[in-house]
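Asks: Chains as they are written, first to last, in this note's numbering: chain A, 1 to 228; chain B, 1 to 21.
Mind having a look at this structure? Questions to follow.
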Amino acid sequence: LPQTPVRTAMNTIQQLMMNLNSASDKPSDNLISYFNNCTVNPTEGILDRVENVGRIFKERFAKAVGQGCAEIGSQATNILIYCVFESNYNFNFMNLLQEEERLSVHNFSKLLNNNDFHMSLLACAVEVVMATYGRNASQTDGMNIETDLSFPWILNVLDLKAFDFYKVIESFIKAEPSLTREMIKHLERCEHRIMESLAWQSDSPLFDHIKQSKEREGQADQSEPTCT
Amino acid sequence: PQDYHFGLEEGEGISELFDCD
Numbered sequence: 001l002p003q004t005p006v007r008t009a010m011n012t013i014q015q016l017m018m019n020l021n022s023a024s025d026k027p028s029d030n031l032i033s034y035f036n037n038c039t040v041n042p043t044e045g046i047l048d049r050v051e052n053v054g055r056i057f058k059e060r061f062a063k064a065v066g067q068g069c070a071e072i073g074s075q076a077t078n079i080l081i082y083c084v085f086e087s088n089y090n091f092n093f094m095n096l097l098q099e100e101e102r103l104s105v106h107n108f109s110k111l112l113n114n115n116d117f118h119m120s121l122l123a124c125a126v127e128v129v130m131a132t133y134g135r136n137a138s139q140t141d142g143m144n145i146e147t148d149l150s151f152p153w154i155l156n157v158l159d160l161k162a163f164d165f166y167k168v169i170e171s172f173i174k175a176e177p178s179l180t181r182e183m184i185k186h187l188e189r190c191e192h193r194i195m196e197s198l199a200w201q202s203d204s205p206l207f208d209h210i211k212q213s214k215e216r217e218g219q220a221d222q223s224e225p226t227c228t
Numbered sequence: 001p002q003d004y005h006f007g008l009e010e011g012e013g014i015s016e017l018f019d020c021d
């Protein structure tokens with residue numbers, strides 16, 4: 001059948017729902033073994049953080065969609081929360097596998113206790129579902145959203161720096177084989193938008209990043225004897 | 001995914017990006 005915008009939308013939502021079928025809201029045994037390898041076990045912090053993000057998102061989403069769409073809002077929220085759980089843990093596990101192979105490290109205590117990393121990952125998972133459900137829902141049942149929920153709405157909701165969100169996108173795409181082509185293109189557009197404007201806002205961590213790499217370059221120059 | 005432009009270089013990953021290496 002020819003792909004109409006509505007049919008594409010419905011396919012994407014169906015794909016998302018299929019992903020959720022295998023959703024689990026608890027970390028897998030493999031992932032728990034990584035957590036147990038950490039100097040400081042991150043399990044409690046991760047579970048608390050996911051619960052907090054779910055609560056904050058629920059409030060802000062309900063406020064944004066207006067009372068008229070409360071039911072769709074709560075449906076979307078429930079889908080979102082489960083997808084975030086599954087995506088979060090799945091990504092963690094896949095990413096740690098890659099990092100373990102790449103760095104030959106087994107103790108990821110620093111990374112798994114890094115708040116910016118986890119918040120960026122959760123925001124990325126939320127953005128995927130929002131982009132799938134939000135835009136498509138408005139196409140399919142004319143949901144009248146009072147606030148624009150498209151990117152970078154989630155960064156403001158979670159008080160997250162765009163540059164930190166940018167850092168997880170590529171690894172997220174690598175670790176999440178079930179992402180649809182549309183979703184990958186959407187995340188790539190987010191990347192471009194961050195690099196073109198959002199990352200250059202005055203309080204962005206990008207400036208520290210540039211400063212530190214310049215300092216590292218400066219040190220590298222000094223360490224070379226001039227005669228070479 | 002073929003049509004995504006991976007930009008991380010060799011030796012760069014999520015651990016380095018978050019200064020957790």
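Note that beta-carbon positions come from the ideal geometry of N, C-alpha and C, so glycine has one too.
1) When the distance is taken between beta carbons, is Phe117 of chain A closer than 9 Å to Phe18 of chain B?
2) State the start and end residues of the unbroken alpha helix (DSSP H) segment that holds Glu12 of chain B.
3) Establish whether the CB of Arg49 of chain A and some CB of chain B are separated by less than 9 Å.
4) Counting Cβ pairs, one atom from each stretch, are 3 or more of them under 8 Å apart for the stretch 151-165 of chain A and the stretch 190-204 of chain A?
5) How about the stretch 90-106 of chain A and the stretch 174-189 of chain A: do they share at least three Cβ pairs that are nearer than 8 Å?
6) By Cβ distance below 7 Å, which residues in the same chain neighbour Asp141 of chain A in space, the five residues on each side in sequence not counted?
7) Helix or strand or just coil, what does DSSP make of Asp19 of chain B?
8) Return helix, strand or coil for Cys38 of chain A, following the three-state DSSP convention.
9) So, helix, strand or coil for Pro177 of chain A, using DSSP?
10) Which value, in whole angstroms, describes the spacing of the CA atoms of Val105 of chain A and Ala62 of chain A?
11) Three-state secondary structure (DSSP) at Lys161 of chain A?
12) Pairs of beta-carbons, one from the stretch 38-55 of chain A and one from the stretch 109-124 of chain A, closer than 8 Å: are there three or more?
13) For His186 of chain A, name the three-state secondary structure that DSSP assigns.
14) Could you tell me which of A:Ile32, A:Asp208, A:Ile169 sits nearest to Asn107 of chain A, measuring between CA atoms?
15) Which residue marks the beginning of the alpha helix (DSSP H) containing Val105 of chain A, and which one marks its end?
16) Pick from A:Asn30, A:Phe93, A:Leu111: whose alpha carbon is nearest that of Gly45 of chain A?
17) Hey, quick one: how far does the alpha helix (DSSP H) through Thr43 of chain A stretch, first residue to last?
18) Could you tell me the alpha carbon to alpha carbon distance between Asp148 of chain A and Arg102 of chain A, rounded to whole angstroms?
19) Alpha carbon to alpha carbon, how far is Lys161 of chain A from Ile194 of chain A? Give it in angstroms, no decimals.
20) How is the alpha helix (DSSP H) around His118 of chain A delimited, first residue to last?
21) With 9 Å set as the bound, which would you pick, yes or no: does the beta-carbon of Gln201 of chain A sit closer than that to a beta-carbon of chain B?
22) Step through the CB atoms of chain B and report whether any lies within less than 9 Å of the CB of Ile56 of chain A.
23) Are the beta-carbon atoms of Lys185 of chain A and Asp3 of chain B separated by less than 9 Å?
24) Note down the Cα distance separating Asp159 of chain A from Cys38 of chain A, rounded to an integer number of angstroms.
25) When you compare the CB positions of Met183 of chain A and Ile154 of chain A, do they come within less than 9 Å of one another, or not?
Replies: According to the structure shown:
1) In contact: Phe18 of chain B and Phe117 of chain A (Cβ atoms closer than 9 Å).
2) Boundaries cannot be given for Glu12 of chain B, as no alpha helix (DSSP H) includes it and DSSP labels it neither H nor E.
3) By this cut-off, Arg49 of chain A is not an interface position.
4) Yes, the stretch 151-165 of chain A is in contact with the stretch 190-204 of chain A.
5) Yes: the two stretches touch, three or more of their Cβ pairs being nearer than 8 Å.
6) At Asp141 of chain A the pLDDT is 46, less than 50, meaning the model places this residue with poor confidence and gives no usable figure here.
7) Asp19 of chain B: coil per DSSP, three-state reduction.
8) Under the three-state reduction of DSSP output, Cys38 of chain A falls in the coil class, being neither helix nor strand.
9) Residue state, collapsed to three classes: coil.
10) Here the C-alpha atom of Val105 of chain A lies approximately 42 Å from the C-alpha atom of Ala62 of chain A.
11) Correct three-state label for Lys161 of chain A: coil.
12) Counting Cβ pairs under 8 Å, three or more are found: they touch.
13) The answer is helix: DSSP assigns His186 of chain A an H, G or I state.
14) Relative to Asn107 of chain A, the option among A:Ile32, A:Asp208, A:Ile169 whose CA is nearest is A:Ile32.
15) Neither: Val105 of chain A is in no alpha helix (DSSP H) and is coded neither H nor E.
16) Selected option, being the one with the closest Cα: A:Leu111.
17) 43-65 is the extent of the alpha helix (DSSP H) around Thr43 of chain A.
18) Straight-line spacing of the CA atoms in Asp148 of chain A and Arg102 of chain A works out to 40 Å.
19) Taking the Cα positions, Ile194 of chain A is about 10 Å away from Lys161 of chain A.
20) Looking at the DSSP string, the run of the alpha helix (DSSP H) that includes His118 of chain A is 115-129.
21) For Gln201 of chain A, the closest Cβ of chain B is not nearer than 9 Å.
22) Not one chain B Cβ lies under 9 Å of Ile56 of chain A.
23) In contact: Lys185 of chain A and Asp3 of chain B (Cβ atoms closer than 9 Å).
24) Cα to Cα, the separation comes out at about 27 Å.
25) No, the Cβ-Cβ distance between Met183 of chain A and Ile154 of chain A is not below 9 Å.
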